[in-house]
Amino acid sequence: MATVKIEALGKLHEIANFDCGSAALNQWLKTTARQHQKNNTSKTFVLVEEQSPTVPQGFMTMAIRNLTPSGDLPAAMAKKLPANVAGYTLARLAVSVHAQKRGYGERLLFEAMERVCLASRLVGGFAMFVDAKDGAADSCKKYGFVELPSKPDVLVLPIASMPGFPDR
Ligand SMILES: CC(C)(COP(=O)(O)OP(=O)(O)OC[C@H]1O[C@@H](n2cnc3c(N)ncnc32)[C@H](O)[C@@H]1OP(=O)(O)O)[C@@H](O)C(=O)NCCC(=O)NCCS
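Under numbering that gives the first Met the number 0, the first residue of the sequence shown carries the number 0, and numbering increases by one thereafter.
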């Protein structure tokens, strides 16, 4: 695998030709991600290879998410939670068609999980959600995410059950 790094989307990144095979995700990166970055409504991180550090091969977008446990979570997970709960969401995840099946999608997902663990240690937050567009839900299940009963395209994993999250 090439040496890669994941960093915040910035001005230097050339995104005009990014193509992950999903028109909606391409469009979102090109037209909306920077705007959201600026006003802090979501944060987008790009994966770049060492040999072309300004050309993203993948990206993921994270944001805060609120939910109502009784209506949104699997019953067992909702036990003993307050009426409204704060969490985080991996709102978008995409890898360039030329760079898929190299583990980059997994690298971006793990980066998102590390970031929510860190944020949760600092300020709390119950769970991480994934908006699994274009039928990607099954891929997330192998990492422990489970479908929301009311929305099968949205998956959830309590942060306390993520590997590496301390018991305190
Ligand atoms: C979904 C998506 C992000 C996955 O990205 P990716 O970089 O191809 O993901 P990975 O390489 O980490 O894993 C993809 C598969 O390749 C396999 N893989 C990873 N590295 C591999 C390698 N070196 N050789 C062979 N297979 C490999 C993984 O096991 C995985 O298999 P699975 O689909 O059975 O789980 C990408 O296909 C994409 O951008 N699709 C279009 C947009 C989209 O659907 N986004 C999802 C929104 S949630």
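Here a beta-carbon is modelled for each residue, glycine too, at the ideal position from N, C-alpha and C.
Checklist entry - Which first and last residues belong to the beta strand (DSSP E) in which Ala62 is found? => result First-last of the beta strand (DSSP E) with Ala62: Ser51 to Leu66.
Leaving out five residues before and five after Thr4 in sequence, what residues of the same chain have Cβ atoms less than 7 Å from its Cβ?
Note that residue 4 is Lys in the sequence shown here, rather than Thr. Result list for Lys4: Val47, in chain order.
To the nearest angstrom, how far is it from the Cα of Gln50 to the Cα of Ala74?
-> 48 Å
* For Pro148, does the count of other Cβ atoms within 10 angstroms reach 16, so buried, or fall short, so exposed? -> exposed
Inset, instruction - Along the beta strand (DSSP E) that carries Thr88, what are the first and last residues, could you check? - result: Val84 to Val94
**Study point:** For Asn65, the nearest candidate out of Lys79, Gly86 and Pro55 (CA to CA)
**Key:** Gly86
query = What number of angstroms, rounded off, separates the C-alpha of Leu24 from the C-alpha of Lys37?
reply = 19 Å
If you measure from the CB of Lys4, is any heavy atom of ligand 1 nearer than 6 Å? no
What is the residue span of the beta strand (DSSP E) that Thr43 lies within?
Lys42 to Glu48
### Query
Using the C-alpha atoms, what's the distance from Arg106 back to Arg167?
With a pLDDT of 49 at Arg167, under the threshold of 50, the modelled position of this residue cannot be trusted; read the value that follows with caution. Cα-Cα distance, rounded: 26 Å.
With a threshold of 6 Å, establish whether the CB of Gly143 neighbours any heavy atom of ligand 1.
no
Checklist entry - Quick one, are the C-beta atoms of Leu154 and Ala131 less than 7 Å apart? => result Taking 7 Å as the Cβ cut-off, Leu154 and Ala131 qualify as a contacting pair.
Assuming contact is defined by CB atoms lying nearer than 7 Å, are Val115 and Ile158 in contact in what I supplied? Yes, they are a contact pair.
- [ ] Please report the residue range of the beta strand (DSSP E) in which Asp152 lies.
- [x] Lys150 to Pro157
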